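Some notes on the structure that comes next.
In my numbering, the protein residues as written are 386 to 743.
Structure representation (structure tokens):
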């Protein structure tokens with residue numbers, strides 16, 4: 386009887402040991418995995434590879450952005466950073482030509498905008514721009530009808546690891562996804578930096594593949610944009626009707642503030658946080674700042690956030706173009722005719738903002 390009791394006790398002791406051992410093993414595995422993830426974030430990589438990682442996407446012009454900033458020593462006096470509206474509407478070559486016409490040929494313009502309107506990615510590019518071109522005197526940030534509530538969809542792939550880790554936490558819905566992807570992104574970038582050819586990247590600048598300091602951003606979208614635009618504008622009545630329908634849709638897609646004005650800092654906290662950071666950085670560097678608003682067809686005269694934006698920097702509103710169908714390629718983007726109207730308008734505002742060098 387005593388022997389049976391002892392055997393039973395041994396069995397109970399053994400059965401209790403197994404879960405504890407399993408728990409310790411799983412704990413070691415989890416701790417090891419976590420340590421590997423943390424260490425992977427610190428893996429070094431070539432930032433040129435990071436800017437090239439958008440190949441085959443609507444953001445693939447970012448490789449040109451890196452080349453313009455770090456591989457082209459053409460001076461930059463005026464820097465545009467915005468969404469596709471600014472990319473298309475602020476034609477750097479046309480603006481430079483207009484600046485020369487009004488006696489300011491010394492001012493050089495760069496437009497490093499890309500599709501979508503998140504503010505976080507703009508700070509990433511702005512930091513690189515100021516690091517590579519400290520001569521920048523004016524930064525013009527493109528605005529749309531309302532500040533986005535979320536960050537840019539490409540921020541998690543373009544930002545440095547430190548910039549992802551220090552992103553604002555207040556109602557930042559893209560942060561969890563960016564944090565989860567960061568270790569794997571770092572591992573891939575580290576490998577690609579060692580084996581760029583295997584990943585389809587360039588290890589060094591290729592002058593023959595570089596489109597120059599002032600490319601037409603329409604070429605990044607579609608090399609056949611001239612034919613496409615000519616077809617769209619071939620019938621003025623049809624084009625006007627298409628723009629009107631698209632304008633109605635765009636108005637419906639704008640989500641008005643959900644929270645009271647007193648809580649706008651939370652609802653639009655991500656955008657406001659990055660705007661304030663950009664404003665502070667530019668002030669510290671002695672660089673002028675302005676916002677530009679290119680409205681959609683038959684849209685608003687100014688952004689819905691105009692009062693807040695004016696507390697940060699002046700707003701240049703191109704409301705003069707919003708009622709003429711021929712100014713638009715589609716409801717949100719300027720046509721060639723619109724670009725030709727915008728270029729002298731931009732040039733005058735730039736010249737008024739920047740005093741001639743003495």
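Glycine included, every Cβ here is placed at the ideal spot set by N, Cα and C. No experiment lies behind these values; they were computed from the predicted model shown.
{"Asked": "For the region 675 to 699, which segments carrying the alpha helix (DSSP H) assignment without a break, of at least 4 residues, lie completely within its bounds, in sequence order?", "Found": "691 to 695"}
{"Asked": "Could you check which residue in 629, 488, 576, 657 has the C-alpha nearest to that of residue 507?", "Found": "657"}
{"Asked": "Can you give the Cα-Cα distance for residue 587 and residue 573, rounded to whole angstroms?", "Found": "15 Å"}
{"Asked": "Grab the span of the alpha helix (DSSP H) containing residue 577 for me, first residue to last.", "Found": "560 to 579"}
{"Asked": "Out of curiosity, what's the CA-to-CA distance linking residue 465 and residue 511?", "Found": "10 Å"}
{"Asked": "Assign residue 720 to buried or exposed, taking buried as 16 or more other Cβ atoms, counted over all protein chains shown, within 10 Å of its Cβ.", "Found": "buried"}
{"Asked": "Taking the alpha-carbon positions, what's the residue 704 to residue 475 distance?", "Found": "15 Å"}
{"Asked": "Using the beta-carbon count (16 or more within 10 Å), is residue 609 buried or exposed?", "Found": "exposed"}
{"Asked": "Decide if residue 571 is buried, meaning its Cβ has at least 16 other Cβ atoms within 10 Å, or exposed.", "Found": "buried"}
{"Asked": "Using only the alpha-carbon positions, how far apart do residue 481 and residue 599 sit?", "Found": "9 Å"}
{"Asked": "Could you tell me which residues DSSP pairs with residue 495 in its beta bridges?", "Found": "464"}
{"Asked": "Are the beta-carbon atoms belonging to residue 470 and residue 718 less than 9 Å from one another?", "Found": "yes"}
{"Asked": "Could you say which of 688, 651, 521, 734 lies nearest to residue 556 if we only look at CA atoms?", "Found": "651"}
{"Asked": "Could you tell me which of 529, 594, 593, 626 sits nearest to residue 688, measuring between CA atoms?", "Found": "529"}
{"Asked": "Using 10 angstroms around the beta-carbon of residue 417, count the other beta-carbons present and answer buried if the total reaches 16, otherwise exposed.", "Found": "Residue confidence for residue 417 is low, a pLDDT of 48 falling below 50, so the modelled location carries little weight; the figure read from the coordinates is stated next. Its Cβ having fewer than 16 others within 10 Å, residue 417 is exposed."}
{"Asked": "Is the distance from the Cβ of residue 677 to the Cβ of residue 696 below 9 Å?", "Found": "no"}
{"Asked": "To which residues of the same chain is residue 443 closer than 7 Å at the C-beta, ignoring the five residues directly before and after it?", "Found": "500"}
{"Asked": "How would you label residue 724, buried or exposed, when you count the other beta carbons within 10 angstroms and need 16 or more for buried?", "Found": "buried"}
{"Asked": "Could you check the C-alpha separation between residue 488 and residue 477 for me, to the nearest Å?", "Found": "17 Å"}
{"Asked": "With DSSP as the reference, label residue 608 as helix, strand or coil.", "Found": "coil"}
{"Asked": "Between the region 442 to 461 and the region 587 to 596, do three or more beta carbon pairs fall short of 8 Å?", "Found": "yes"}
{"Asked": "Helix, strand or coil for residue 524? Go by DSSP, reduced to three states.", "Found": "strand"}
{"Asked": "Just to confirm the assignment: which complete alpha helix (DSSP H) runs, minimum length 4, are found wholly within the region 583 to 632?", "Found": "603 to 606, 610 to 617"}
{"Asked": "Does the count of Cβ pairs from the region 576 to 587 and the region 430 to 437 closer than 8 Å reach three?", "Found": "yes"}
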